[in-house]
Amino acid sequence: MRLEQPEQTVTFTFDGRKLKGVPGEPVAAALMANGIKLVARSFKYHRPRGVMSAGSEEQNALVTVGRGAQTEPNLRATTLEVSEGLEVFSQNAWPSLRYDMLAINDLFSRFLAAGFYYKTFMWPRSFWEKVYEPVIRRAAGLGALSGETNPDDYEKAFAFCDVLVIGAGPAGLMAALTAGRAGADVILADEDTAMGGRLLREREEIDGKPATAWVAAAIQELANLKNVRMMTRTTVTGAYDQGTYAALERIAGDRAAGKPLECFWRIVAKRAILTAGALERPIAFPNNDRPGIMMASAVRAYVNRWGVAPGKSVAVFGNNDDAHRTAQDLQAAGIKVAALIDSRDDTDITSDFPIYTGAQVVATKGRHALESVTIAYNGGRRVIRTDCLAMSGGWNPTVHLTCHMNGRPTWNTDIASFVPSAENVPGMVTAGACNGTFSTADCLAEGAAVAADVAKDLGFKSRVKVPQAEDRTYAISPLWAVPGKGRQWIDFQNDVHVKDIKLAAQENFRSVEHMKRYTTQGMAPDQGKSSNVVALAVLADATGRGIPETGTTTFRPPYVPVSIAAMGAGSQGKGFAPERFTTSHKASVGRDAPMIEAGLWYRPSYFPQKDEATWREACDREVGYVRNAVGVCDVSTLGKIDIQGPDAATLLDFVYTNTFSTLKVGKVRYGLMLREDGHVLDDGTTARLGEQHFVMTTTTAAAGLVMRHLEFVLQALRPDLDANVISVTEQWAQFAVAGPKARALLNTVLDQELTDEAWPFMACGEANVGGVPGRLFRISFSGEHAYEVAVPSRYGESLFRMLVAQAEVMGGGPYGMEALNVLRIEKGFITHAEIHGRTTAFDIGMGRMVSQKKDCIGHAAAARPGLIGEGRQQLVGLRAKGPDHPLTAGAHLFEKDADATRVNSQGYTTSVCYSPTLDTQLALAFLENGRARHGEVIKLRDHLRDVTETVVVCDPVFFDPTGGRARG
Amino acid sequence: MRITCPNCGERDRREFYYQGDALALDRPSQDAGLSVWDDYLHNRGNPAGDTKDLWFHEAGCGAWLVVDRNTVTHAVHKAVLAEKVKR
């Protein structure tokens, strides 16, 4: 029921029923205005539940919004804003909220007590995953995900400030005003739709005016300050290292209009002021969970802020003065107060509604909505008819953020709750209700004082001016649980009641952390915000300890649930992953080459032709180009590092196992690089362009790694060396031209004539292409007569097109990664499939490349016992029985007649291919003592793919073992 | 976490690559013996408290840094160029 006619309404639906609501108000308020009390079913017992709070701490009123892929479950009806066309659904009920079949759980509740699952479903073990868990999961739960890809937009953002003020109640507003006036760069964040905190929800005066007027003036002043940013709908969810705070912003507005749903912020603040307020806690009396029973502070919020009456005849039950305030507010709003029930004996309040002191609620009635409460009073019992009970068990300061970096709160007897300890999060201070300071006057004063200190620390001058406000003392007499017939609920969201906690204690789960895990108290999406202190008090009572000795469980981020979609914003699909394209990319894609990822690069897999049905046909054809005519391949993705300086050669001698200082200018040498632990890091060729000028080539995969490694050697190990390294991978486009007709092809594009005398195998130097200064290297990764020609990147595309056109004239063409792989396997050339991080120079048969005349990275460790010797698995070639016996990479190797079991494994395959040149299936592999076993027949077994083959061990160089083709 | 790079100022830790203990700066001689090399390569303290480790400003200036920080409080005390520490 609404107290006043609203100016504007919109239509939304709840379980398909059309309802009117005021735009921007919480769905909970709109449901209340429409007389709907039953809004949810509880987690475990499917008990009927109604709205309990008026904030993000809501335990009962969880709902689902939207349909299909846009379904969003477990939203709190107390913070979800009403908008035109909003579709809201209740959850965890079947077939309907009113007639929920699974409410049968409630009848068996005696058997479903805490620990029930652990005890009952112990065995048979295999049943747990297949039978028990799916059934339990269906019965006990929250809303369901759609299972479809979420099409909504989410964002991530970063912010920096001098002072972050968390919470915009009286303390937060004063803190922001004080720091803002002083000139500090301030961010004021509040999770509500409007700034003001409880000042928007109470009837109070500040400086003789309604508090709401003071709030409006404060917001106006803050809005006028250019150095203050105000963020509403923004919950600061976590405190992290070095003044970093996470915050979740719910974006206002229509998602159909293309706005993101949420934004996940990282805010870095020099200092933070936590003014997060406090949360009211329930009292655990019997059947305290009926729809219509809610927090007293929530009743005041719905009446004072949203103009909605939560009931026609409201009873109030509390152990502190806030209960009185609630009754007075209801009366002022013209709502009937059925009774004020104060558990304390000595309260002095007079009014024209019935007041019962020293009284407690001991029973309630009403299945889908509250009908009456029974109170114990004056030695007797009395039934009070009421459709709404406002309860107040006192206030818990919102200390959560102060505990996110190992801070432990301190028990304060005066307010019967925990307050932040002095040292909690470095750079963060607390003020107001979250500090246990409850009167408005004190909150305003404390917020101002704390902000003035912070501003001063940061070098700003501030003046403190605190307005006049209400200064009531907070009188509370602890009341945690009321005994009686019926369950006394503590954690409404996880269906934990007093008896569960006593059972935990009885079964010796007496530590608070054990109790939590045994009962699941505090584990639900609300993380026990409202229930923790009551649960501790009951546990303390059951174990005969005090609350401070019992301690608290650990509060961890996030303070409210944060959707994975918000945290992972921008990371769906490709996200922000960079893509690197070669200069030939367009030309390759234009020839329909499937592009495959190589690190961040994209490289052509093969170049299909019309009559080819499979990739293998294309690959075999491309291998043929290189072996018989000429092939062209873009090799620009290989890392290219320019090394210059008087000590460049010394640097290379130190990072390569072999010697480079002896390399002549105009020559290229293959080099092997180790990690300091003796395993192979990378390999590649390095060309000497000048006395003090080298260009190193790395593998595509290890380009970044090698660059980092060279910088490490230069800066951290040998800063005495006068040499500089820089990556020039992006600056040069480089193409392999390979095959018997390679020289002939190059002679059609180079400005000068290529001769074998001037350009012998492993020569390098400058070579111009159409007047463009380029570089030429006579190196081969295919075993054929081959070159790599490099030009500045901007000429790459046209050179590639020229080379391919000429190759096609000569009976060749472009070749892709598949053919490149076959060509190198036929020649036994290694890649990172072989130098995978656990192999040594000895293993790959390059032990003699480790020069004994000088030190180098990895030299000492490579000689360790265990890294050399017969027992090592050594690189070998494997030949299959024929072309129809494909081998698989990752298969294990066994003696011919041995069982294919783990203990018998003698090695494994690393690279496999069909060789069109040799017309058989080949593999490179590591085999125990393999170099001494050439000619032996062994067994290959792949348990994963169910492949068994008999293969012959041989030298890894299958084709042209003398290397005549590359030299010729 | 942020590290104050001597070249670039305070930067987010995502710009840096983490290597490990700064004792990697003290590379033993080639013939120092197996146990010395074993210590250099493998054996690390696991202090609850202050440590010195190596970070590479990979997405920045390319400097290797020795960073003093605390593994308990996560405080980053200072960062200096490895080049200067070595010299």
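These protein sequence lines are chains A and B, in that order.
So in my numbering, the last one in the first sequence is 968, and the numbering has no gaps at all.
So in my numbering, the last one in the second sequence is 1055, and the numbering has no gaps at all.
A virtual CB, placed ideally from N, CA and C, is assigned to each residue, including glycine.
Considering Val1004(B), what are the terminal residues of the beta strand (DSSP E) in which it resides? Reading the second sequence from its first residue, position 36 is the one you call residue 1004(B). Val1004(B) -> not in any beta strand (DSSP E); alpha helix (DSSP H) instead, spanning 1002 to 1009.
For Tyr986(B), decide whether its Cβ has a neighbour in chain A, counting only Cβ atoms nearer than 9 Å. Stepping through the second sequence from its first residue, residue 986(B) is reached at position 18. For Tyr986(B), the answer is no, since every Cβ of chain A falls outside 9 Å of its Cβ.
In three-state terms, what does DSSP make of Trp94(A)? Taking the first sequence and counting its residues from 1, the one referred to as residue 94(A) is at position 94. Coil at Trp94(A), not helix or strand.
Can you find a CB in chain B that lies within less than 9 Å of the CB of Pro719(A)? Along the first sequence, read from residue 1 onward, the residue named residue 719(A) stands at position 719. Yes, contact with chain B.
Is Lys664(A) helix, strand or coil when you go by DSSP? Within the first sequence, residue 664(A) is the residue found at index 664, counting from 1. Coil, per DSSP.
Which residues of the stretch 840 to 867 of chain A have a Cβ closer than 7 Å to any Cβ of chain B? Give them in chain order. Asp855, His859, Ala860, Ala861, Arg864
Own chain residues within Cβ distance below 7 Å of Leu993(B), not counting five before or after: Counting from 1 along the second sequence, the entry for residue 993(B) is found at position 25. The answer, listed in chain order, is Ala1050, Val1053, Lys1054.
Assuming contact is defined by CB atoms lying nearer than 9 Å, are Ser392(A) and Gly277(A) in contact in what I supplied? In the first sequence, counting from the first residue as 1, residue 392(A) sits at position 392. In the first sequence, counting from the first residue as 1, residue 277(A) sits at position 277. Taking 9 Å as the Cβ cut-off, Ser392(A) and Gly277(A) do not qualify as a contacting pair.
With burial defined as no fewer than 16 other Cβ atoms inside 10 Å of the residue's Cβ, what is the status of Leu1002(B): buried or exposed? Residue 1002(B) sits at position 34 when you count from the first residue of the second sequence. By the 10 Å Cβ count, Leu1002(B) comes out exposed.
Interface flag, Gly639(A) vs chain B, CB-CB below 9 Å: Taking the first sequence and counting its residues from 1, the one referred to as residue 639(A) is at position 639. False, the Cβ-Cβ gap to chain B never drops below 9 Å.
Pull out every residue of the stretch 703 to 737 of chain A whose Cβ sits closer than 7 Å to any Cβ of chain B, in chain order. Arg708, Glu711, Phe712, Gln715, Ala716, Leu717, Pro719
Just to confirm, is the Cβ distance from Ser313(A) to Ala332(A) under 9 Å? The sequence position of residue 313(A) within the first sequence is 313, counting from 1. The sequence position of residue 332(A) within the first sequence is 332, counting from 1. Taking 9 Å as the Cβ cut-off, Ser313(A) and Ala332(A) do not qualify as a contacting pair.
Spatially closest choice to Leu721(A) from Asp647(A), Ala702(A), Thr699(A), by CA coordinates: The residue labelled residue 721(A) in the question sits at position 721 within the first sequence. Ranking the options by Cα distance to Leu721(A), first place goes to Asp647(A).
Please list, in chain order, the residues of the stretch 410 to 428 of chain A that have any C-beta partner in chain B closer than 7 Å. none
Would Val1035(B) count as contacting chain A if we go by Cβ distances under 9 Å? As a first step, residue 1035(B) is located in the second sequence; it is residue number 67 there, counting from the start. So, not an interface residue.
Measure the alpha-carbon distance for Gln506(A) versus Val903(A) and round it to whole angstroms. Here residue 506(A) refers to the residue found at position 506 when the first sequence is read from its first residue. Here residue 903(A) refers to the residue found at position 903 when the first sequence is read from its first residue. Whole-angstrom Cα-Cα distance: 50 Å.
Run through the stretch 372 to 404 of chain A for me and flag every whole beta strand (DSSP E) of 3 or more residues, listed as ranges in chain order. 372 to 377, 380 to 385, 388 to 392, 395 to 397
With a threshold of 9 Å between beta carbons, is Val969(A) in contact with chain B? There is simply no residue 969(A) to check, as chain A begins at 1 and stops at 968 in what is shown.
Could you name the residues of the same chain whose beta carbon sits closer than 6 Å to that of Gly311(A), not counting the 5 residues immediately before and after it, in chain order? Taking the first sequence and counting its residues from 1, one reaches residue 311(A) at position 311. For Gly311(A), where only same-chain residues beyond five positions count, the Cβ hits under 6 Å are Asp387, Cys388.
What in chain B is Cβ-close to Gln242(A), meaning under 9 Å? By 1-based counting over the first sequence, the position of residue 242(A) is 242. Within chain B, the residues near Gln242(A) are Met969, Arg970, His1042, Ala1043, Val1044.
Nearest by alpha-carbon distance to Ser477(A): which of Glu202(A), Ala359(A), Arg229(A), Thr212(A) is it? As a working mapping, residue 477(A) is identified with position 477 in the first sequence. Answer by Cα proximity: Ala359(A).
Determine, using beta-carbon pairs with one atom in the stretch 662 to 670 of chain A and one in the stretch 815 to 830 of chain A, whether at least three such pairs fall under 8 Å. no
Check whether Ala69(A) and Pro260(A) have beta carbons under 9 Å apart: For this step, residue 69(A) is matched to residue 69 along the first sequence. For this step, residue 260(A) is matched to residue 260 along the first sequence. Cβ atoms of Ala69(A) and Pro260(A): not closer than 9 Å.
Minimum length 4: unbroken alpha helix (DSSP H) runs contained in the stretch 558 to 585 of chain A: 564 to 567
Hey, which unbroken runs of the beta strand (DSSP E) at 3 residues or more fall wholly within the stretch 688 to 724 of chain A? 693 to 698
Buried or exposed for Leu173(A), going by 16 or more other Cβ atoms inside 10 Å? Position 173 of the first sequence, counted from the first residue, corresponds to residue 173(A). By the 10 Å Cβ count, Leu173(A) comes out buried.
Proximity test, Cβ basis, 9 Å: Trp1023(B) and chain A: Within the second sequence, residue 1023(B) is the residue found at index 55, counting from 1. By this cut-off, Trp1023(B) is not an interface position.
I'd like to check one pair, Gly50(A) with Val39(A): are the Cβ atoms closer than 9 Å? On the first sequence, residue 39(A) is found 39 positions in, with the first residue counted as 1. On the first sequence, residue 50(A) is found 50 positions in, with the first residue counted as 1. Yes, they are a contact pair.
Rounded C-beta distance between Leu823(A) and Val957(A)? I'm assuming under 8 Å. The sequence position of residue 823(A) within the first sequence is 823, counting from 1. The sequence position of residue 957(A) within the first sequence is 957, counting from 1. Between Val957(A) and Leu823(A) the Cβ distance is about 12 Å, and since that is not below 8 Å, they are no contact.
Between Ile415(A) and the rest of its own chain, which residues show a CB-CB distance below 6 Å, the 5 nearest in sequence each way excluded? Looking up residue 415(A) in the first sequence gives position 415. So the qualifying residues of the chain are Gly436.
Should the stretch 13 to 27 of chain A be called in touch with the stretch 80 to 87 of chain A, which here means at least 3 C-beta pairs below 8 Å? yes
Candidates Lys529(A), Ile490(A), Leu539(A), of which the one nearest Phe509(A) by Cα: As a first step, residue 509(A) is located in the first sequence; it is residue number 509 there, counting from the start. Ranking Lys529(A), Ile490(A), Leu539(A) by Cα distance to Phe509(A) puts Leu539(A) first.
Would you verify that the beta carbon of Glu1051(B) is, or is not, closer than 9 Å to some beta carbon of chain A? Counting from 1 along the second sequence, the entry for residue 1051(B) is found at position 83. Output row for Glu1051(B): interface = yes.
Please tell me whether Arg76(A) and Glu202(A) are closer than 9 Å, where the distance is taken between their beta carbons. On the first sequence, residue 76(A) is found 76 positions in, with the first residue counted as 1. On the first sequence, residue 202(A) is found 202 positions in, with the first residue counted as 1. It is not a contact, given that the beta carbons lie outside the stated cut-off.
Chain B residues whose Cβ lies nearer than 7 Å to that of Asp677(A): Sequence index remark: in the first sequence, residue 677(A) carries index 677 (1-based). Result: Leu1009.
Look up Met32(A) in the DSSP assignment and say whether it is helix, strand or coil. Counted from its first residue, the first sequence places residue 32(A) at position 32. Helix.
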